[in-house]
Amino acid sequence: MEFLENLFKTLQSLLSSYIDLDYSLWLYRFLTPLIVTFLLPLVFVALIYISFLVLFIYKLHRQVIMRAVQTDRNFWRVGRKIVAAIWDAHARIYHGYEVIGLENIPQEGPALIVYYHGAIPIDMYYLNSRMLLQRERLIYTIGDRFLFKLPGWGTISEAFHVSPGTVQSCVSILRDGNLLAISPGGVYEAQFGDHYYELLWRNRVGFAKVALEAKAPIIPCFTQNLREGFRQVGIFRNFFMRLYNKVRIPVYPIYGGFPVKFRTYLGKPIPYDENLTAQDLQVKVATAIEDLINQHQRLPGSILMALLDRLPSFRRSKSGVKNKNE
């Protein structure tokens, strides 16, 4: 017993000679939250590549899989359902994900879904998965061109019909009777939006031209607490804005991955009106999305309160939302 006590004291003495234990404990306490905060977004990236692996395996072994399900009418259908099930499970467990107003998306025929773009558009993956599993409808999506340079994205875009999109290609998708999702703010809104949820569309009217030419209704879409799940670092904003304007790819660091409550709200369809110009329609859609934000989002957004929204006793009532203009 005495030997063990002496051995312990010797080891403690040796360690204290090389390591400042008080400093190490302080460093551990300080760095652990910091490391976790910036590593959590990698969970999202990992999920994307799990999706890629599932689709890649399905593509390689499609003949065996297709024989197993006894259908060969739609090449990607089974693969999409598997990936959708993974994403929907993540949505339900990690964010308690809900969709309010799903009935506003038509059972058949075209519709253009215009949505607010968060730091990461994870809500669109969730919504598309829910639509596939509950409605058997795929939402075609417009993605930024830089995405198609990422390894594995080609397979995902092929399976889920993600494309850079032009006015004519988008019109064609809608005329074929499909659902299409567009964020007018795009990467710019993703990178430089904040917890006040202001639309950063920079006078873009391309989506309005698409809807008018295709004579398709527009469905405004917003996800509550989206900016509380993932955020940009709040420093060096002007520097990163100048850098983004030069390179046109996401450069502003993000952090988060917090398990906040997500609810996607789908507003009433805005029907085709031949008397509206593209500029008039853009204003009308922007107003509809801003109304969804003001009705359903706490402004400014709070990560703590968004986490508490997971608890039924803390869920925010409509009267508890503060308007940004107050």
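Each residue of the sequence shown is one higher than the one before, counting from 1 in full-length UniProt numbering.
Glycine included, every Cβ here is placed at the ideal spot set by N, Cα and C.
Smallest Cα separation from residue i: which of the options?
i: H161; options: V167, G152, Q168 and I173; result: I173
i: Q297; options: V99, L307 and L226; result: L226
i: C170; options: G143, P271 and G152; result: G143
i: G229; options: F52, I113 and L304; result: L304
i: T166; options: L138, Q191, L133 and G206; result: G206
i: E98; options: K149, T223 and V78; result: T223
i: L199; options: N294, S157 and T277; result: N294
i: V245; options: V187, S157 and V78; result: Per the sequence shown, residue 245 should be read as Asn rather than Val. Nearest option by C-alpha distance: V187.
i: I218; options: A288, W76 and A89; result: A288
i: P253; options: V260, F192 and I105; result: F192
i: A214; options: A119, P151, A46 and E274; result: E274
i: K149; options: S163, L138 and R137; result: S163
i: R77; options: K284, Q168 and R137; result: R137
i: R135; options: Q107, Q168 and I113; result: Q107
i: I100; options: K81, G109, I82 and D123; result: D123
Under 8 Å between the Cβ atoms of residue i and residue j?
i: L243; j: T155; result: no
i: F262; j: Y125; result: no
i: residue 349; j: W201; result: The structure shown has nothing for residue 349, since the chain only spans 1 to 326.
i: Y197; j: Y115; result: no
i: L147; j: A84; result: no
i: residue 339; j: H195; result: With the chain covering 1 to 326 only, the question about residue 339 has no answer from this structure.
i: R231; j: A119; result: yes
i: V43; j: G256; result: no
i: A306; j: V233; result: no
i: H90; j: L47; result: yes
i: G185; j: Y49; result: no
i: C221; j: I57; result: no
Quick check: what's the CA-CA separation for residue i versus residue j?
i: Y140; j: L180; result: 5 Å
i: S24; j: W87; result: Model confidence at S24 stands at a pLDDT of 43, short of 50, so the residue's coordinates are unreliable and nothing is read from them.
i: S129; j: L308; result: 25 Å
i: A216; j: P269; result: 10 Å
i: Y94; j: N74; result: 31 Å
i: Q282; j: V247; result: 27 Å
i: W312; j: G96; result: The sequence given here places Pro at residue 312; Trp does not occur at that position. Their backbone Cα atoms lie some 11 Å apart in a straight line.
i: residue 343; j: E189; result: Only positions 1 to 326 of the chain appear in this structure, which leaves residue 343 out of reach.
i: G79; j: N238; result: 42 Å
i: F240; j: R310; result: 33 Å
i: E158; j: T264; result: 25 Å
i: D291; j: E103; result: 19 Å
i: L299; j: I105; result: 27 Å
i: residue 336; j: F236; result: Any property of residue 336 remains undetermined from this structure, which presents the chain solely from 1 to 326.
i: L31; j: P250; result: Residue placement at L31 is flagged as unreliable, the pLDDT there being 48, under the threshold of 50; a coordinate-derived value is accordingly withheld.
i: F314; j: R145; result: 41 Å
i: K81; j: Q168; result: 29 Å
i: K59; j: V45; result: 21 Å
i: K284; j: S51; result: 36 Å
i: N325; j: P271; result: Residue confidence for N325 is low, a pLDDT of 43 falling below 50, so the modelled location carries little weight; the figure read from the coordinates is stated next. So the alpha carbons of these two residues sit roughly 29 Å apart.
i: A278; j: G109; result: 22 Å
i: R175; j: D280; result: 22 Å
Answer yes or no: the CB of residue i versus the heavy atoms of the ligand MG, is any distance below 7 Å?
i: V247; result: By its list of ligands, the structure shown contains no ligand whatsoever, and the ligand MG lies outside what it can speak to.
For chain D, is any of its Cβ atoms less than 8 Å away from the one on residue i?
i: G206; result: Checking the listed chains, one finds no chain D in this structure; it contains a single protein chain.
Discussion item. Count Cβ pairs between the region 180–192 and the region 202–210 that sit closer than 8 Å; are there 3 or more?
Written reply: The region 180–192 and the region 202–210 touch, with no fewer than 3 CB-CB distances between them shorter than 8 Å.
Discussion item. For a minimum of 4 consecutive residues, which ranges assigned as the alpha helix (DSSP H) are wholly contained in the UniProt domain "Phospholipid/glycerol acyltransferase" (98–222)?
Written reply: Along the length of the UniProt domain "Phospholipid/glycerol acyltransferase" (98–222), whole alpha helix (DSSP H) runs at least 4 residues long occupy 122–135, 153–160, 167–175, 186–192 and 206–214, reported in chain order.
Fill in: Segments of 4+ residues assigned as alpha helix (DSSP H) that fall wholly inside the region 263–308
Entirely contained in the region 263–308, the alpha helix (DSSP H) runs reaching 4 residues are, in chain order, 278–296 and 303–308.
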